[in-house]
Each structure stands twice: as C-alpha cells, then as structure tokens.
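S.K.: Protein chains in written order, with numbering that gives the first Met the number 0: chain A, 0 to 326; chain B, 0 to 258; chain C, 0 to 672.
My structure is below; once you've seen it, I'll send some questions.
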Amino acid sequence: MSGVLVVVEQREGRIARISWEAVAAGQKLGATLTLPVSAAVVGAQTESFAAEIAARPLDKVFRVEHPLLARYTPDGFSLALHQLIQAESPACIVFPHTYQVRDYAPALAARLGQVLIGDVTAIGDGPVFTRQLLQGRLNGAYRPTGSGPCLISVQAGAFRAEAPEAGASAAPATVTTFVPTLESAQIRTTPGEPFRGGSQTVDLSSAQMIVCVGRGIKDAENLPLVQDLATALGAELAASRPICDNGWLPMERQVGSSGQTVSPKLYLGVGISGAIQHLVGMKGSQCVVAINKDPDAPIFEVADYGIVGDLFEVVPALTEAIKAARQ
Amino acid sequence: MKIIVAIKQVPERDAQVRIDAAGKWIDESNLQYALNESDAYALEEALQLKEKSAAAGGEVVVVSVGPERVGQTIREALAKGADRAIHIVCDDLGLRDALGVARLLAAAVKPENPDLILTGLQSEDLGLGQTGVIVAELLGLPHATLILNVEKTETGLKVKRELEEGWFQTIELPTPAVLTIQSGGNKLRYATLMGIKRAKMKEVRQLTAASLGVDAPPVVVLEHVALPQKQKSTQILPGTAKEAAAALVEKLKFEVRVL
Amino acid sequence: MILFLPTFAEPQHFSFFEKLLFTGLVLASAYGFWRRFGLVLKKILKSKKDPSFHLFPIGKRVWDFVWEVLCQAKVIRERPLPGLAHAFVFWAFCAFALVTLNHCAVVFGIGFLSPAGTIGRLYYYFAAVFALFCAVGIAGLFVRRFLVRPKWLGARLSWESGFIALLIFVLMATYLASFFIADADPSARTLWWIHTLALLTFLPIIPYTKHLHLILSPATVFLSRGSFAQIPPLSGDEDFGLVAGTDLTRLVSLQAYSCVECGRCTEHCPAANTGKLLNPKEIILGVRAYLNDLGPSSDQPLLGKYNQQEAVFQCTTCGACEFQCPVGIEHVPILVGLRRGAVNTGAWEDQYGSKLFLALERGSNALGISPAERDKFIQKQQLPIFDGTQEYCLWLGCMGGYDPKGREIVAAFARVMNYLGTSYGVLRKEKCTGDPVRRLGNDLVFQQLAEANLEALAQNKVKKIVSICPHCVRTIQEDWKEYGTPPEIEHHSEFLARFADKLPRSTTTATNPESFVSGHDFSHAASAPNSPGALAPEVRSSPVPAPAASHPVPEKIVFHDPCYLGRYRNVYDQPREVASLAGELVEAPRHRERSFCCGAGGGLSFLGEETGERVSHVRAAELVATGATTVGTACPFCNSMFRDAFDAKGEGAPQLLDIAQLAARGLPPGEAS
C-alpha cells in the first residue's frame, strides 16, 4: 500500500474545478494518514494535463495513456485504472464525484472487491467519510472495513481547491506514463458525440438557470430589462401566468400549475409575488432568489436570497454586476 | 424482450427524519414507504419497451431486496403492469453495503437470463447510485448510467445519456446490458384500481440470501448518522440596489456556484 | 246559479260500430305505447342493480315527490314563467285523469261523472279551469319553443314537441268547446271523437319522445340516491365505475330515459357557458343513445362514440346541472362515474392529472409540496398542536397549509378563534382529504388518503373538526363514510356565524381600489403569516390621504357562494352574516343556489389550462360588475381562482378576502396569536 491516488478528470480540453477539489481532498487524506499523494489522469493525450497537475504539491503524476482512452467509456477507464491500481496499490483512491466517475468507479471498486464511498462532503479522523443521506436531510459517516484500497469520490464544493502557488518552493511532481493493456473488443459500449438538448423549442424543464418575471414588471415595454439580466446570466427567461396571458411572452414560457414545472439550479424571480399556482411550478429549484418591493410577498417564504426593492433599480444594477463578474 | 427491473422501497419523501436510539439509522416506526422515484422511471421505461414490441412478446420482471413490507411496493409495481416479481426477503438490508446488495440481485437475476436489466439511477434514501453498475460488473455485462431514453436496435440498444450542464450523448451497446435510468425521461403512469386488483393474481417469488448462497461481510459500514446543522432560511440582502446586487453576485459565485 | 252556466256536452250512447272502433283504436294505441315503453322498461330493469340503493327512509322520498312532482316546485322555482306554464299542463293532466277515465267509460255506458249531476258538474268546471290555464300554458310554451327559441333547447327544432303541443291544445280546446254545445248536437259527438283521437295519438308518442318523462320522471324523483351529488361506492372486484353498458345501473338508465331535454343543466353549466365541449344534457342523452343502440349488457366502452372523454373531464362538479334538473337526474354521479371508469382502468391519460395522482400516491398534498413547509407555517403562526384536549381540530387542508393566500385565511380564522377563546389545535400531519382525486375518479388514491386520515384522526381522538375549505368539509363528512366514521365537521362560516354577535364590526371604510397593490391585498399584515408585526390601519390605506377618506362610505361586499358550501351543504346565510360584519352586502346576479362556479372544483384547478374562456374570469367579471369594493369568499379554491383572475385584470380590481379575514378585521390589534 503506497499512498493516496487522486484521479483527475479532463474533459473538453480542461480540468474542471471539482478535480482540483479532489486533489485538495486527497491532500487532506494524505495528511491524516501521513501518506504521499499522487494523481492520475486518463486519456489518449494527457501530456499538458499532466504538466498542469504536476505543478501542484504532489508526489507523482501518472499519465494513463492509450488510444482507446481517447473517448470515455466505462469499460476502458475501469480496465485502465484497475491495472494502474494493481501496479501501484494505493491505500486510498480519491475521485471527483462527476457523472463520469459515477458511471465507472462503482464497477472498478467492485472489481477490487471494494465499495466506492461516493459524494463525500467531509473527511474525519479514522478516516471516516461523511456523505448526505435522504436527499440532504441526514448525514452519514462511513468507514471502510475491508482489506483492499478504499475508494471515495468527493462532492463538488465540499473541499476548497487551493490555487497553485506561483513559484512554489517544491519541485514539480514527477510525471510517469502508464500504458495499460487494452483491446478494442474489451470496450463494449460505443459513445456518441455530446450534443445540446432541444435547442429548437424552449425547454424550461431542463434549464439550469431561469429568470422568471411577474406582474411587477408592469408593462411589456419593461421586459428588455429582465431579458438583459437573463442574457447576462445565460439563463432562460420565463414568466408567471399573467405575463403570458397578456401575450407579453409566449405561453410556453409560463411556469406554474398550468404551465411548466421547472427545477433549475438557480431560479431568479423578478416582480413575482408567489401565488400558489406559480410556486408549485418552481418548488424544485435548487436555489431561489427573489426581487420584489413587497417584503411580505410569499415568494420570500421560499427564497434562499431576497432583495426587497424596486426591480427597476435592482435589476439593472444586478445585470451590471453580473457582467462585471463574468469578465 | 425479457426485462428485469430492480426496484427499491424507500421512506416516503415526506417522512419525518428522527434518528434511532443507536444513532445508526433513522427511527423507522411510523415511517411510510414508497417506490424509489428513479426506479419508477426504470419500470416505466421497461413497460414502454414491452408495449412498443408487444407483437414480439416480452416480459417485465421486478426484483427487490428488503423486508416483508417491500411486498407492498412490489404489488404496486405489478399493478402498474409488471408481469411477475422476485422478492429477496432480507431483514438486514442496512447491514449490507452496495456490493452485498448487488450480489443478492445478481444471484437472483442470473438464472432469468434477461435481455436487459434496468434500475433507477439512485435511491432516495442512501443515494449511492451504484447498485446497477455493480450488478453489471458482477454479471459481466456492459452498462450505461443516467439514461433518459432507450431504443432497441438490430444489434442491441441505443440509449440517450445525460451529461452535465444540459449536454447529452447517445451510446450504443449490445444486449444483454444493464442501464440505470434517470428520472424524467418518460411520463410516469399512475396506479389504478384495476391494476391493483389484477396484481393480486400475479406471481411473487420469495428468495433469501441463504437460498441464493450469498454471504460476504460488508467492506463499508455506515457507522453513525447525524442531522445536518443548517436549516434553509431566507437571507435578505440589504442595502441600496447596487449594494444588494453586488452581495447577490457574491452569493451566486461562491455559494450557489453558478457564475 | 249553477244551472245558468253551460253544461258539458258528452254523447251518452254509442253504436256497436263506434264501440268496436273505439276498442280497436285503444288497443292499437296501447300496443304502440307498449311496443316502445316495454323495451325501455326492459333496458332499465336489465341494467345492473344499484348496490347501495335503499328505499328507506321513505319520508324524504315522499316529500321530494310531493314537492317536486306534485307541486312542481323545482320546475317553477328555476324558470318561473315556463315553469308555471308547465305546471298548469301537469296539473291539468292530473285533473283530467278522472275526466279521461269517464270519457272512455261512457262508450260502454258506464260513465261515472254525470255532466248534469252536481258533483260531475262541479268537477267538470274544476277541470275546465285547468284546461283553460293549460291551453294558455301550452300555447305559451309553443311560442317559446318555436318563436323565442332559447339556446338551451338546442339548435334543432323539435317538431315532435310542436305536434305534442298541438295535441294537448286540441285536447283542451275540444274539452272546453264541449261546454258550449248541447248534448244532442252532432258536433258534440265530433268533439268527443276528436278528443279521443288526440288522446290515443298522444299515448303511443309518449315513449318514443322525451315526453317519456311524463311516466318516468315521477319515479326518477322518487327513487333518487337520497342526497345531492352523492357518489355511490363501488361494489366487488370488477366494479371500476362506468366503463361499459354492464356498469350502467338501473338508476342511471332510468335517469337517462327520463331526460326531458329542457337544457336547464346546460344553461347553468360553467363548462358549457365558457366554450367547452361538455354539455351535461348531451352527456345524459349520450348514455340514452348508448342504451338505445347497445343496451345495458354491452361491453362496448361508454366513452368514445356516445360520450367524449374530454367533455367528461371538463366538469367542475359544481352540481348546478343536478340542482336544476326538474326530472331528478343526478348528473354528478354519472359524470364522476364515467371518470372513474376512465381513471380506474388507466384509460385517461393526462399530463396534469397523472402529476396530481402521482403526487398523492406518494406525498401528502395535492400541490406536491414538502410537508416540511406546512410544519414551518404552523411554527411561524404558532398554531397549537392538537393533543386530544382541545374542542376543535382545525383542519388546514392543502390550501390552508401550503397556499400563501390560504395561510392568510387560516391565520385570520385562528385570530378570531383566539379572540373567542375557542380551544383548538392542528394535526401534526395531515394528508389531502382526497377531494380532487375523488372527483376525478381515482378510487385507489382516494381510498388510501381517506383511510390514512381516518386512522390519524382516530389516533388523535378528534371529535370535532372545523375547516376553512368546503371541499375538505364535504369530502370528510360525506365521501369518507365509505371507509369509516368521520368526526363531526363544520365549515368556518358556520362556526363564525354562531359567534357573529360576539365579534366586533369593523369600522373600515371602502378605500379607493386603485390604492391596492396589484389587486390582492397583502397589506393586511395583521392577518398575513409573514409579518406578525401588524401594520397600523392608517398605514394600510392610501399613502396620500385621499379626500374620500374624510367621507366614509360603508364597504360594499359581494359574497360568492362556493358550490361545495351552497349547493352541496345548503349553507347560504351563515357566510353572509359573517361578511356583513365588515360592510354592506350586495348580491351578484347569480347567487345562492344559482351561484356560478369559480372553475376550480372537480379537480380542475390541478388540470392545467382550460379550453375556451376561463370560468374564473367569467365569474370574476360578474362579481366586479356589482361595483363591490370587496369580494368575499368562503373557499380557498375560489379565492385562488379569483386572485388569478384579478391579477390578470390588474389594478382596479376589488379586494379579495375570505369571510374569516372579514371577521378578523374588526378585532382589536395585538390579538394575533
């Protein structure tokens, strides 16, 4: 058993923040267990990624390279990593909890006779790993009891990814290329190119961010104000029933009991008071922000963040602030 | 096509969460149970696949692990249209890890020789999201996760997989295969009185861990549970329009992480 | 005196040939009648027995028969002029029973009413009075049908009705004419024969036309299910509601054949009035056509060719049709029965309907919101938890527990109860009563909800319930009976009316409607759950002191009767008594028994967008047109529908307040829980 191995995920030519968070989690685990921390990146052309990873305070960086790993497949990735793990026998393997990891890491763990402890939010002494149960209403502490390596994946945002210190004192980690033995027959699934979901019609139900406008907008002429905000955010524009009834926005943009049911990451209600017919359509939103001049508007009951104020002042200010933050 | 759907009974989403005396799980007295949501979508996908190729014949078999009370959820699945069921009666589900449960399922499913095994993406109680993938590994079958749509082709299956941030991908794979189904790909059918009455006549075969010859200690244990600290409450951002906007941008950037 | 009045002329001797002819004609006429009537009777009797039908207690049946059939009370009440005309025809028919019997008896020389005898003479005059009114009445009805032509009667002109009217007119005219000729006059014989022919032509026409109601509707009224809009329990393992002919019960078949096609149901139907497919008259006629073509043993589906599924699911179950029906047809159980047939077998596919059913299969409320939100509201509002010691269990319902507006109503009602010192508590956990799924025909989910709730109420030892929602009240009191014994329950209007004299009248005067933000009043902070710190009344009114404020005018309040409180529960005066604590009441054109639905009932508030005009908008416009400054409601569903409608109207809409909020207005500040 030799240390902690962090599996870094590269997609679309870059390493996402969550992978750096996994590195941070690996380092925390390494410190707890007083074990060296290494990282691995899997793909067909991983040189530049490996160099980027090697700038972090790590022991080793493995480039798991094979032409058959050019595109992600669960078979390819679990076969390749299985071979690396057998060669290096790490004590712990840390993954970012991404859709990709969720797709192959459980199978990899089973192949090792282990169980992945997924979606970890905290690491405690022991080590014990905390993860959420019952959809966030309960926390559970898990302890590995097997004799093999322990595998965990960490939740986005649970660990703070440190920015690489410029001109850090430690020398860059050594980069090793590991070429697994793979045959194309072993890869049973054929993945297609990623595509965007239904861009033709408005699909509020799968939108990640929604700016929703209500009666507070007063007039159709004022709609561009909110449209600008939605554009700055990269959000879909939606509305409550009176707005669509008036024909200010098409019916397909209506959120509520007689319109669409949405569950975006961010719902931003502008001039929405929060009638029940509307609330039932947006109650699944992960984060609700409300801007309304009436502090007693029911929308504030369900909001995570609220701004009590005149939307004609707040919205332009917010659009500017978002544009500034996006630059 | 013979389709196995692995389903799980979970506490109703409305259930009040109280920790039991041992601090190892929630107090299950007075809990009500329901079919796990993404499993309901897996069942729906299976039923639709069967209905689409009605001429070719087909069978949908549901399989579930858990104590006697799981029988109720199995009946509901039969009421929605599954043809028969396998109930792996198991009172110590909480002591088994994902691998242990998957071993039970794999052992029960193997002699059925199905063309397709479906299960929900993850359970609403433990949220592991691993059972289907491990079953595939144990049975040596190809798999795909986060599937929204399944189409049968000449050679196997064409499935639509959800990726992050609104992207999708089509994957082709041969059968037999294991798919884990994401919620929302289909419209669920509601349970009917007629279905419930007809379900009474369908076969439910009961198996146990012992009869399946599965016995291995867990490699991961849930040591204790605790209630999370913070409760959701509305944070009103004060100040002038500019100040409030700036404060909101901070929140969107660092807490909601959408910027 | 009597001798100077004309005597009724009636031939007393008939030749053998006449006797033979008369007998032949009577037999032919009776045969013609029976040929059709026998068939109808067979179809009714071959229908399934009504499993839950009980003839006893019979008192109410007798009363309904006397009042609705003999007195024609419903016919007259709902359409006074044509109703009265109809009543005269009916009464004349009754009066003529004896005359007609005698008319036939004289042929064989066994007449028992001598036109010359005192009793006979008096009776003939008595009948003549009716004949006169009947002749005028039938002429009036003829004019109405063929010249005025109200749209409820349908676009197609019913020539058979015209012919029948003519026959009745001839019957009356020949009778009356017989007073003005002598017995010996040959025209007396002619009149007798014309009268006879009219009579014998009339008889066989009856069962072939809607005039069948002459014979069936007295039975239909007598044999009704016993209470308004009552949904009968399903029986056995193969009963899923009205799926096919084999599911039609005798009552349904009897009612289908009783329809007189008057169109009163359609005239009052909110769906038919707002451009929807549903026309309650056509539903009943659809069932009749099915019976005519396929009969009660057919396993062909009832929905499809004869009735459309879309129409059946447009019903708000407001009950206006059933309430209006003069021949005893119970539309609501038939419409709900057809829905049951479609839902219990899974034939109904509707995006919104499925969503509602799935929400209630799994969760606790029709809105699909987490019950943690209800807990939060109870905590914030500091509502006491029911522990078995309090007098009342305050049932929140889905709207009271989750809808922001419904919560304001609960908060206001709680304030009043606190003021009155009533002991009450709310249940920790409550499931939807099942009202929407019951009306949409999902017996599986309804049973689950009713049983779970009954158990919870029994566990908590609840004896008395009070609720702000008429739908909850109805469902708990009537529909749950199928699965157990529900506790006593009343609507908050009944509770509040009992204590009305103990509640202070509010001195609030009408404010200029323009000063209200977006038409609905959030500014009543005292009753809003969001801010226990009440704003002083002065702050509430317009920020600029309006000149009107110095000349206070009493608030004008129009009260909207909720269907489930009015027609379903017969409660009309109590909410008015409560509302009048806060101002002066005005009435909308359609009120009390004739109130027009808000569009929410029958599960429709969960079914997405309506086709045609929105029912809520039609009703809201009617309420606004009264010029009232406040619309008073007594149902959280009506409230939410109107709020939506007023939102669309924008500024200038009247205030919308529940009677609990109106009652709480006069309470001293600081009385909040």
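C-beta atoms are modelled at their ideal positions from N, C-alpha and C, and glycine is treated no differently.
#1: Measuring straight from C-alpha to C-alpha, what distance separates C/Ser492 and C/Glu429?
#2: Under 7 Å Cβ to Cβ from A/Ser256, same chain only, skipping five residues before and after it: list those, please.
#3: Check each candidate in C/Ala663, C/Glu586, C/Val335 and name the one with the smallest Cα separation from C/Thr628.
#4: Of all the CB atoms in chain A, is at least one closer than 8 Å to the CB of C/Pro536?
#5: Please confirm whether C/Gly153 and C/Gly262 have their CB atoms less than 8 Å apart.
#6: Measure the beta-carbon distance from C/Pro403 to A/Pro294 and round it to whole angstroms, keeping in mind my assumption that it falls under 8 Å.
#7: Taking a contact to mean a Cβ-Cβ separation below 8 Å, would you say C/Lys209 touches C/Cys133 in this structure?
#8: Going straight from the alpha carbon of A/Phe194 to that of A/Ser205, what length do you get?
#9: Take the Cβ of A/Ala21 as the centre, count every other Cβ of all protein chains shown within 10 Å, and call the residue buried at 16 or more, exposed below.
#10: For the stretch 96–118 of chain A, which residues have a CB atom closer than 9 Å to at least one CB atom of chain B, in sequence order?
#11: Since A/Phe252 meets chain C, which of its residues come closer than 7 Å, beta carbon to beta carbon?
#12: If contact means a Cβ-Cβ distance below 7 Å, which residues of the stretch 275–289 of chain A contact chain C?
#13: Of all the alpha helix (DSSP H) runs that stay within the bounds of the stretch 86–161 of chain C, which reach a length of 4 or more residues?
#14: So A/Gly270 and A/Gly215 are supposed to be a Cβ contact under 8 Å. How far apart are they, rounded?
#15: Per the DSSP calculation, C/Cys471 is bridged to which residue(s)?
#16: Mind pulling the chain B residues with CB within less than 7 Å of C/Phe239?
#17: Pick helix, strand or coil for C/Tyr563, following the three-state DSSP scheme.
#18: For B/Leu187, which residues in chain C fall below 7 Å Cβ to Cβ?
#19: So is C/Ile109 buried or exposed if we call it buried at 16+ other beta carbons inside 10 Å?
#20: So is B/Asn112 buried or exposed if we call it buried at 16+ other beta carbons inside 10 Å?
#21: At least one CB of chain C closer than 8 Å to the CB of A/Ser256: is that the case?
#22: Return helix, strand or coil for A/Ile290, following the three-state DSSP convention.
#23: Are C/Asn101 and C/Phe239 touching if we call contact CB-CB under 8 Å?
#24: If you reduce the DSSP assignment to three classes, tell me which class A/Asn138 lands in.
#25: Taking 8 Å as the threshold (beta carbon to beta carbon), is A/Pro249 in contact with chain C?
#26: Report the partner residues of A/Met208 according to the DSSP bridge assignment.
#27: Quick check on the DSSP output: the beta strand (DSSP E) that includes C/Leu215 runs from which residue to which?
#28: At a Cβ threshold of 8 Å, is A/Asp309 touching chain C?
#29: Under DSSP, the beta strand (DSSP E) around B/Val220 begins and ends at which residues?
#30: Establish whether the CB of A/Gln199 and some CB of chain C are separated by less than 8 Å.
#31: Please list the terminal residues of the continuous alpha helix (DSSP H) segment that includes C/Asn638.
#32: Determine the contact status of B/Ala143 and A/Thr97, defining contact as a CB-CB distance below 8 Å.
#33: Rounded to whole angstroms, what's the CA-CA distance from A/Ala274 to B/Glu36? Just pull it up for me.
#34: Look at the alpha carbon of C/Trp66 and the alpha carbon of C/Val220, and state the distance between them as a whole number of angstroms.
#35: Would you mind reading off the limits of the beta strand (DSSP E) that contains A/Glu235?
#36: Would DSSP call C/Val516 helix, strand or coil?
M.R.: Taking the structure as given:
#1: The residue you call residue 492 of chain C lines up with position 493 of the third sequence. The residue you call residue 429 of chain C lines up with position 430 of the third sequence. Going from the Cα of C/Ser492 to the Cα of C/Glu429 covers about 22 Å.
#2: Within the first sequence, numbered from 1, the residue matching residue 256 of chain A stands at position 257. These residues qualify, in order along the chain: Gln276, Val279, Gly280.
#3: Along the third sequence, read from residue 1 onward, the residue named residue 628 of chain C stands at position 629. Closest option to C/Thr628, Cα to Cα, is C/Glu586.
#4: Taking the third sequence and counting its residues from 1, the one referred to as residue 536 of chain C is at position 537. Confidence at C/Pro536 is low in this model, with a pLDDT of 37, below 50, so its placement is unreliable and no value can be given for it.
#5: The residue you call residue 153 of chain C lines up with position 154 of the third sequence. The residue you call residue 262 of chain C lines up with position 263 of the third sequence. Taking 8 Å as the Cβ cut-off, C/Gly153 and C/Gly262 qualify as a contacting pair.
#6: Numbered from its first residue, the third sequence carries residue 403 of chain C at position 404. Numbered from its first residue, the first sequence carries residue 294 of chain A at position 295. The C-beta distance from C/Pro403 to A/Pro294 rounds to 14 Å, too long to meet the 8 Å contact threshold.
#7: As a first step, residue 209 of chain C must be located in the third sequence, where it is residue number 210. As a first step, residue 133 of chain C must be located in the third sequence, where it is residue number 134. For the pair C/Lys209 and C/Cys133, the CB atoms are not nearer than the 8 Å cut-off.
#8: Residue numbering aside, residue 194 of chain A sits at position 195 when the first sequence is read from its first letter. Residue numbering aside, residue 205 of chain A sits at position 206 when the first sequence is read from its first letter. Their backbone Cα atoms lie some 14 Å apart in a straight line.
#9: Numbered from 1 along the first sequence, position 22 holds the residue referred to as residue 21 of chain A. A/Ala21 is buried by the Cβ-count criterion.
#10: Against chain B - using a Cβ distance shorter than 9 Å - the residues of the stretch 96–118 of chain A are Thr97, Tyr98, Gln99, Arg101, Asp102, Tyr103, Ala104, Pro105, Ala106, Leu107, Ala108, Ala109, Arg110, Gly112, Gln113, Val114, Leu115, Ile116, Gly117, Asp118.
#11: Locating residue 252 of chain A in the first sequence gives position 253, counting from the first residue. A small fix is needed here, since residue 252 of chain A is Arg in this sequence, not Phe. Correct list: empty, because the minimum Cβ distance to chain C is about 14 Å.
#12: Correct list: Ile275, Gln276, Val279, Lys282.
#13: You should have 117–142.
#14: As a working note, residue 270 of chain A is residue 271 in the first sequence. As a working note, residue 215 of chain A is residue 216 in the first sequence. The pair is a contact, with the Cβ atoms about 2 Å apart (cut-off 8 Å).
#15: For this step, residue 471 of chain C is matched to residue 472 along the third sequence. BP columns for C/Cys471 are empty, so no partner.
#16: In the third sequence, counting from the first residue as 1, residue 239 of chain C sits at position 240. Within chain B, the residues near C/Phe239 are Leu192, Met193.
#17: The sequence position of residue 563 of chain C within the third sequence is 564, counting from 1. Three-state DSSP puts C/Tyr563 in coil, outside helix and strand.
#18: Within the second sequence, the letter at position 188 stands for residue 187 of chain B. Those within 7 Å of B/Leu187 in chain C are Ser353, Leu357.
#19: What you label residue 109 of chain C is simply residue 110 of the third sequence in a count that begins at 1. Flag for C/Ile109 reads exposed.
#20: Residue 112 of chain B sits at position 113 when you count from the first residue of the second sequence. Result: exposed.
#21: As a position in the first sequence, residue 256 of chain A is number 257, starting the count at 1. Look at A/Ser256: its C-beta is under 8 Å from a C-beta on chain C.
#22: If you number the first sequence from 1, residue 290 of chain A lands on position 291. Under the three-state reduction of DSSP output, A/Ile290 falls in the strand class.
#23: In the third sequence, the residue the question calls residue 101 of chain C occupies position 102. In the third sequence, the residue the question calls residue 239 of chain C occupies position 240. Between C/Asn101 and C/Phe239, the CB-CB gap reaches or exceeds 8 Å.
#24: Against the first sequence, residue 138 of chain A aligns to sequence position 139. DSSP places A/Asn138 in the strand class (E or B) of the three-state scheme.
#25: In the first sequence, counting from the first residue as 1, residue 249 of chain A sits at position 250. Not a single CB atom of chain C sits nearer than 8 Å to the CB of A/Pro249.
#26: If you number the first sequence from 1, residue 208 of chain A lands on position 209. Answer is A/Leu265, bridged to A/Met208.
#27: Looking up residue 215 of chain C in the third sequence gives position 216. Unbroken run through C/Leu215 is the alpha helix (DSSP H), 212–221; no beta strand (DSSP E).
#28: Taking the first residue of the first sequence as 1, we reach residue 309 of chain A at position 310. At least 8 Å separates the CB of A/Asp309 from every CB of chain C.
#29: Counting from one through the second sequence, the residue named residue 220 of chain B turns up at place 221. If you look at B/Val220, you'll find it in the beta strand (DSSP E) that goes 219–225.
#30: What you label residue 199 of chain A is simply residue 200 of the first sequence in a count that begins at 1. With a pLDDT of 47 at A/Gln199, under the threshold of 50, the modelled position of this residue cannot be trusted, and the question is left open.
#31: Within the third sequence, numbered from 1, the residue matching residue 638 of chain C stands at position 639. Taken as a continuous stretch (DSSP letters only), the alpha helix (DSSP H) holding C/Asn638 covers 635–648.
#32: The count along the second sequence starts at 1 and reaches residue 143 of chain B at position 144. The count along the first sequence starts at 1 and reaches residue 97 of chain A at position 98. No, these two residues do not count as a Cβ contact at 8 Å.
#33: Here the question's residue 274 of chain A lines up with position 275 in the first sequence. Here the question's residue 36 of chain B lines up with position 37 in the second sequence. Straight-line Cα distance between these residues: approximately 27 Å.
#34: As a first step, residue 66 of chain C must be located in the third sequence, where it is residue number 67. As a first step, residue 220 of chain C must be located in the third sequence, where it is residue number 221. The C-alpha of C/Trp66 lies about 10 Å from the C-alpha of C/Val220.
#35: Counted from its first residue, the first sequence places residue 235 of chain A at position 236. Note, A/Glu235: beta strand (DSSP E), 235–238.
#36: If you number the third sequence from 1, residue 516 of chain C lands on position 517. Here C/Val516 scores only 36 on pLDDT, less than 50, and its place in the model should not be relied on; the value that follows carries that caveat. Looking at C/Val516 - three-state DSSP - the assignment turns out to be helix.
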